[in-house]
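Engineer: Starting off with a structure, shown below.
Residue numbers (the UniProt record's numbering): 1 to 164.
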């Protein structure tokens, strides 16, 4: 958040008027395990295939881990998006190449645990959270939990539209 607000100030913008939305992978444990693997390990690995250097730099991750991922024989010879066409067994192998902390930057677990992770995004200073990585049906139990426990009045000063 500090980077965004400082950058706004350097660009001559009022940092308090810059809205920051977290685009937050939200994958509840009510989703079957093989699909969760595709939406977590598969999705991250696909991102790493395309723009791994940017992700590593942005998240202050160890570049040596990315290099080990890229050097893996399976990764070197796989053609296509891992989250789209890799089998469960292949994704289980890919999971061994990724540190767990690289996957922890997503909401996972029960609907209540996902909501706690979403709320933490607000604690970090985000103005809104865009849940992604799952279908509307997959998100339904999480949205129900959030709706049932959303603090009254906390967000009344914000517009619901990210572009608004």
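Glycine included, every Cβ here is placed at the ideal spot set by N, Cα and C.
Name the two residues that bound the continuous alpha helix (DSSP H) containing residue 102.
Structural biologist: Against the chain shown, residue 102 aligns to sequence position 102. Its alpha helix (DSSP H) spans residues 100-103.
Engineer: Assuming residue 93 is part of the alpha helix (DSSP H), what are its boundary residues?
Structural biologist: Stepping through the chain shown from its first residue, residue 93 is reached at position 93. Run containing residue 93: 88-95, per the alpha helix (DSSP H) assignment.
Engineer: Can you tell which of 6, 153, 74 and 161 has its C-alpha closest to the C-alpha of residue 45?
Structural biologist: To locate residue 45, count along the chain shown from 1; it is residue 45. Looking at the Cα atoms, 74 is the closest of the given residues.
Engineer: Take residue 21 as the anchor and find which of 148, 118, 156 and 11 has the nearest alpha-carbon.
Structural biologist: By one-based count along the chain shown, residue 21 stands at place 21. Checked all of 148, 118, 156 and 11; the closest Cα to residue 21 is 118.
Engineer: Helix or strand or just coil, what does DSSP make of residue 20?
Structural biologist: Stepping through the chain shown from its first residue, residue 20 is reached at position 20. It is coil, neither helix nor strand.
Engineer: Who are the near neighbours of residue 24 in its chain, counting only those whose CB is closer than 8 Å to its CB and skipping five residues on each side?
Structural biologist: Within the chain shown, the letter at position 24 stands for residue 24. Around residue 24: 106, 107, 117, 118, 121, 129, 130, 131 and 132.
Engineer: Between 59, 35 and 156, which has its C-alpha nearest residue 85's C-alpha?
Structural biologist: Residue 85 sits at position 85 when you count from the first residue of the chain shown. Residue 85 has its Cα closest to that of 35, out of 59, 35 and 156.
Engineer: List the endpoints of the continuous beta strand (DSSP E) containing residue 160.
Structural biologist: Taking the first residue of the chain shown as 1, we reach residue 160 at position 160. Where residue 160 is concerned, there is no enclosing beta strand (DSSP E), given that its DSSP letter is neither H nor E.
Engineer: DSSP puts residue 131 in a beta bridge; with which residues?
Structural biologist: Taking the first residue of the chain shown as 1, we reach residue 131 at position 131. 24, per the DSSP bridge assignment.
Engineer: Hey, residue 37 and residue 91: beta-carbon distance below 8 Å or not?
Structural biologist: Sequence index remark: in the chain shown, residue 37 carries index 37 (1-based). Sequence index remark: in the chain shown, residue 91 carries index 91 (1-based). Cβ atoms of residue 37 and residue 91: closer than 8 Å.
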